[in-house]
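Each remark here refers to the structure printed beneath this line.
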Amino acid sequence: MNFLRPTASHARPERLVTQSSSIKRSWERCADVSYDLHTDPDPMLLADLQLRREQHAHLLELAQPELETLAGLVASAKSVVLLADAAGVILQEAGSTEFLHKAERVALRPGVSWAESLRGTNAIGTALFEGAPIRVHGSEHFLSCNRILSCHAAPIRSPRGDVIGVLDISGDAATLHAYALGLASLCATQIANRLLDYTDHRLHRLVFQRQTSLLDSAERAIVLIEHDRIVGANEAALHLLDTDWRLLDSPVDDWVDGWSSLAGRTDGIRTRSGQALVGQLHRGQESLTAQASPQHARPRATPLPVAPQHIRTASAPLPELEDTAKQALLQAVAAMDGGMAVLLQGETGAGKEIFARHLHANSAWHRGPFVAINCGALPESLIESELFGYEGGAFTGARREGAQGRLREAQGGMLFLDEIGDMPLALQTRLLRALQEREVQPLGSDKRVPVHFGLTSASNRDLSTLITQGLFRADLYYRLQDYTITLSPLRERPRLREFLCAEFKRLGGTERGMTLSDAALDALEAYGWPGNYRQMQSLLRSLVVLQPAGSLIRREDLPLAQTDSVRAPIAFDADSAMAVAPSGDVPAATLRDMTERTIEQVVRECGYNVSQAATVLGVHRSTLYRHLARLKSRDAGPG
Numbered sequence: 007m008n009f010l011r012p013t014a015s016h017a018r019p020e021r022l023v024t025q026s027s028s029i030k031r032s033w034e035r036c037a038d039v040s041y042d043l044h045t046d047p048d049p050m051l052l053a054d055l056q057l058r059r060e061q062h063a064h065l066l067e068l069a070q071p072e073l074e075t076l077a078g079l080v081a082s083a084k085s086v087v088l089l090a091d092a093a094g095v096i097l098q099e100a101g102s103t104e105f106l107h108k109a110e111r112v113a114l115r116p117g118v119s120w121a122e123s124l125r126g127t128n129a130i131g132t133a134l135f136e137g138a139p140i141r142v143h144g145s146e147h148f149l150s151c152n153r154i155l156s157c158h159a160a161p162i163r164s165p166r167g168d169v170i171g172v173l174d175i176s177g178d179a180a181t182l183h184a185y186a187l188g189l190a191s192l193c194a195t196q197i198a199n200r201l202l203d204y205t206d207h208r209l210h211r212l213v214f215q216r217q218t219s220l221l222d223s224a225e226r227a228i229v230l231i232e233h234d235r236i237v238g239a240n241e242a243a244l245h246l247l248d249t250d251w252r253l254l255d256s257p258v259d260d261w262v263d264g265w266s267s268l269a270g271r272t273d274g275i276r277t278r279s280g281q282a283l284v285g286q287l288h289r290g291q292e293s294l295t296a297q298a299s300p301q302h303a304r305p306r307a308t309p310l311p312v313a314p315q316h317i318r319t320a321s322a323p324l325p326e327l328e329d330t331a332k333q334a335l336l337q338a339v340a341a342m343d344g345g346m347a348v349l350l351q352g353e354t355g356a357g358k359e360i361f362a363r364h365l366h367a368n369s370a371w372h373r374g375p376f377v378a379i380n381c382g383a384l385p386e387s388l389i390e391s392e393l394f395g396y397e398g399g400a401f402t403g404a405r406r407e408g409a410q411g412r413l414r415e416a417q418g419g420m421l422f423l424d425e426i427g428d429m430p431l432a433l434q435t436r437l438l439r440a441l442q443e444r445e446v447q448p449l450g451s452d453k454r455v456p457v458h459f460g461l462t463s464a465s466n467r468d469l470s471t472l473i474t475q476g477l478f479r480a481d482l483y484y485r486l487q488d489y490t491i492t493l494s495p496l497r498e499r500p501r502l503r504e505f506l507c508a509e510f511k512r513l514g515g516t517e518r519g520m521t522l523s524d525a526a527l528d529a530l531e532a533y534g535w536p537g538n539y540r541q542m543q544s545l546l547r548s549l550v551v552l553q554p555a556g557s558l559i560r561r562e563d564l565p566l567a568q569t570d571s572v573r574a575p576i577a578f579d580a581d582s583a584m585a586v587a588p589s590g591d592v593p594a595a596t597l598r599d600m601t602e603r604t605i606e607q608v609v610r611e612c613g614y615n616v617s618q619a620a621t622v623l624g625v626h627r628s629t630l631y632r633h634l635a636r637l638k639s640r641d642a643g644p645g
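Mapping the sequence shown onto my numbering, position 461 (from 1) lands on 467, and the numbers just tick up by one.
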């Protein structure tokens, strides 16, 4: 890099002509305001950071799968993944514990703003300013103290095109991180797509691409429709329609022909320029020519017979269930249509949400929305307002117009409560009352609103064990588990090799002329998959996107951590550090020692990557952090 390397922390570029245009523009901006840049910024107070996280709770919740997946992928490269808001303030971090300590030296941590105007040229701030993905490596950083970093960031856009955050992968500048920018861009796209998928359920969602196999990929184009006008979109849609964000609020018919006849099926459509595409229309609750009334989604009085051989395809392509799960689905549909609540249990990433979506698509509630909330990913102080909604001005940071809450959003459809075991006890009481009375009282309101929906919950923890420990209400448990299904982990799936090939094809690998070698398939089949289906899908998707089209995927191309072996997750109590006993004769102290040794071993084998270790252990990351804090205080001893 052709930069001067003076001892002053605000180095000026000697020649910028060899730099990328984005880096050049950034250095020029920073040179004009160098006196305002901070080499040692003060992080915001913990209370202020918590408030900021609460204000961005929806983004944090929807980004959680990418944060956890990326943390596992980048930890072996001694890197971290960061999520920042539109002001460049880091909200969340995960990844290599070793590098997190190094990043602390330059204040790369939650609560610190990495806006370009404060921290000079850097991936987070410059990606936000430019509105585009960028890599800032080593000496490309404006402040010399930041040149220990190699950073790769991609902006996250709202359905209206506003940059609302940025996803960053940062590591040591001494190491080349070849795929980091591609991974960051892919995951930022997936988060933006999820924002569209989980938006206002009144809106219709048109999904389209050039090939059917891409309709469930990160490359799918999405537009949101209200009153036959486009009110939201992603960048893939802009690209296929050959336009920019000025398409917002214009009639859909100005851009796409044949879209309104797509309901419930995949078929051809054409752009205004005549380009042939395939599309799907996911109807919302807004009226559309032949829109069914939400009342029609109420369950039948008696269960459906379990004999049918047909399982209706979901409106969006979903991974196919294996034979045992298909039989369980038929039973679950009958139970739900009979007015019963369904509880899904299984390891982290075992496909509980996928099963829930199949259940929604095949139940009497399929005409209504599928509304999911991860009880373990939201700050405790936010779960109540997310579930029950609130009146405008009900609390600090509340929106002026208030919010419906997820229970009301699920009206006429299905509510999916993921990680229900992480819900605070006080809220369990409110949830039970709402389920029993079929009414919701928003925060700050004295009115009760009737609700009617199908209910599915999921947990990777043994709820009956939590009951004995006083962490979960028995009456709520019995209300949630009218019908219980335990999903098998991916490593126990029959014909796993065939399933891996089918998923690779579904995610677009075959479409791009790519092939998995026998050695690669052998490795994937023998792998322990501690993150189960979620980890497998992320790995295959990254191969499809990041490897060249037409390539043969070899064993050495697979980003599988060497420490991940076939290991069943270990269930343990979040507060007492007591492992589940193999028999009733093992002393409590011995069990505690076994648990602590297991935790320390797994964390060490995962390169001190807490997110990856939590996945292997089968617990939420916050639970593992509590255990590690307890172990640290024990080792420190009194005083």
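All C-beta atoms, glycine included, are put in the ideal place defined by N, C-alpha and C.
From what residue to what residue does the beta strand (DSSP E) around PHE422 run? Taken as a continuous stretch (DSSP letters only), the beta strand (DSSP E) holding PHE422 covers 420 to 424.
Measure the Cβ-Cβ separation of GLN56 and LEU73 and say whether it is below 8 Å. no
Restricting to runs no shorter than 4 residues, where is the alpha helix (DSSP H) found entirely within the region 216 to 272? 241 to 246
HIS107 by DSSP, collapsed to three states: which one? helix
Our contact map puts MET520 next to SER548 with C-beta atoms below 8 Å; I'd like the distance itself, whole angstroms only. Not a contact, Cβ separation roughly 12 Å.
Measuring only the C-alpha atoms, how far is SER502 from GLU509? Note that residue 502 is Leu in the sequence shown here, rather than Ser. Distance between the alpha carbons of LEU502 and GLU509: 10 Å.
Pair every Cβ in the region 407 to 419 with every Cβ in the region 335 to 351, then say whether three or more of these pairs are closer than 8 Å. no
Determine the burial state of ALA587: buried for a count of at least 16 other Cβ atoms within 10 Å of its Cβ, exposed for fewer. Note on ALA587: pLDDT 32, under 50, position unreliable in the model; the coordinate value appears next. It is exposed - the Cβ of ALA587 has fewer than 16 other Cβ atoms within 10 Å.
For the region 203 to 221 and the region 183 to 195, state whether three or more C-beta atom pairs, one from each stretch, are separated by less than 8 Å. no
Anticipated Cβ contact below 8 Å, ALA194 with ALA160, distance rounded: 4 Å
Residues in its own chain within less than 8 Å of ASP528 by CB, not counting five upstream and five downstream? ARG561
In the region 412 to 486, which residue ranges form an unbroken beta strand (DSSP E) of at least 3 residues, counting only runs that do not cross its ends? 420 to 424 and 460 to 465
Suppose you measure from the CA of ARG111 to the CA of ALA243; what does that come to, to the nearest Å? 41 Å
Quick one: Cα of VAL80 to Cα of ARG278, how far? 42 Å
Provide the residue span of the beta strand (DSSP E) that contains THR492, from first to last. 489 to 492
Run through the region 113 to 144 for me and flag every whole beta strand (DSSP E) of 3 or more residues, listed as ranges in chain order. Segments of the beta strand (DSSP E) lying fully in the region 113 to 144: 140 to 143.
Compute the beta-carbon to beta-carbon distance between ILE426 and LEU486, rounded to the nearest angstrom, for a pair I have assumed lies under 8 Å. 7 Å between Cβ atoms; contact.
Counting only the same chain and skipping the five closest in sequence on each side, list residues whose C-beta sits under 6 Å from that of ARG518. ALA555
To the nearest angstrom, how far is the alpha carbon of THR435 from that of SER523? 53 Å
In whole angstroms, give me the CA-to-CA distance for ILE170 and LEU201. 11 Å
Should the region 448 to 456 be regarded as contacting the region 489 to 507, the criterion being three or more beta carbon pairs within less than 8 Å? no
When we look at the beta-carbon of TRP261 and count the other beta-carbons within 10 Å, is it buried (16 or more) or exposed? buried
Buried or exposed: where does GLU146 fall if 16 or more other Cβ atoms within 10 Å of its Cβ makes it buried? buried
DSSP three-state assignment for HIS210, whether helix, strand or coil: strand
So for ASP54, helix, strand or coil by DSSP? helix
Ordered along the chain, which non-local residues of its own chain (more than five positions away) have a Cβ less than 7 Å from that of ARG153? GLY144, SER145, HIS147 and ALA179
May I have the straight-line CA-CA distance separating GLN70 from CYS157, to the nearest angstrom? 20 Å
If you drop the 5 nearest sequence neighbours on each side, which residues of the same chain put their C-beta closer than 6 Å to that of ARG467? GLY427
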